[in-house]
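*Asks:*
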């Protein structure tokens, strides 16, 4: 048992179906905030153990990690950034093709 493994009362044995599906025990889902239906991700750590981590919904992540106080929806900001990238690409094509805007 590795040093980061909890005592046996935290361990649960579950069956894995032919399709590779396993049920996360209700007590663990509730304790770790995993909704059902919901999503989890499986990660293999450095000790080659499989770790199950909750994955939040996109609604939970909306607005996180913003770099400015801009209150516009992320989709509007992304749309504007894509338009700027398209304009830069068009300008680059024009520069190398010898065309200039008048």
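Numbering (full-length UniProt numbering), first residue to last: 1 to 102. In this text, a Cβ means the ideal position worked out from N, Cα and C, and glycines have one as well. Here the structure is a predicted model, which means the values were calculated and not measured.
#1: Would the beta-carbon of residue 40 fall within 9 Å of that of residue 24?
#2: Could you tell me the distance, in whole angstroms, from the CA atom of residue 32 to the CA atom of residue 55?
#3: Just reading off the beta strand (DSSP E) that residue 41 is part of, what are its end residues?
#4: Taking residue 50 as part of the beta strand (DSSP E), name the residues at either end of that continuous run.
*Replies:* Looking at the coordinates:
#1: Here residue 40 refers to the residue found at position 40 when the chain shown is read from its first residue. Here residue 24 refers to the residue found at position 24 when the chain shown is read from its first residue. In contact: residue 40 and residue 24 (Cβ atoms closer than 9 Å).
#2: Stepping through the chain shown from its first residue, residue 32 is reached at position 32. Stepping through the chain shown from its first residue, residue 55 is reached at position 55. Using only the alpha carbons, I get a separation of about 11 Å.
#3: Counting from 1 along the chain shown, the entry for residue 41 is found at position 41. Unbroken beta strand (DSSP E) run through residue 41: 39 to 44.
#4: Position 50 of the chain shown, counted from the first residue, corresponds to residue 50. Per DSSP, residue 50 belongs to the beta strand (DSSP E) from 50 to 55.
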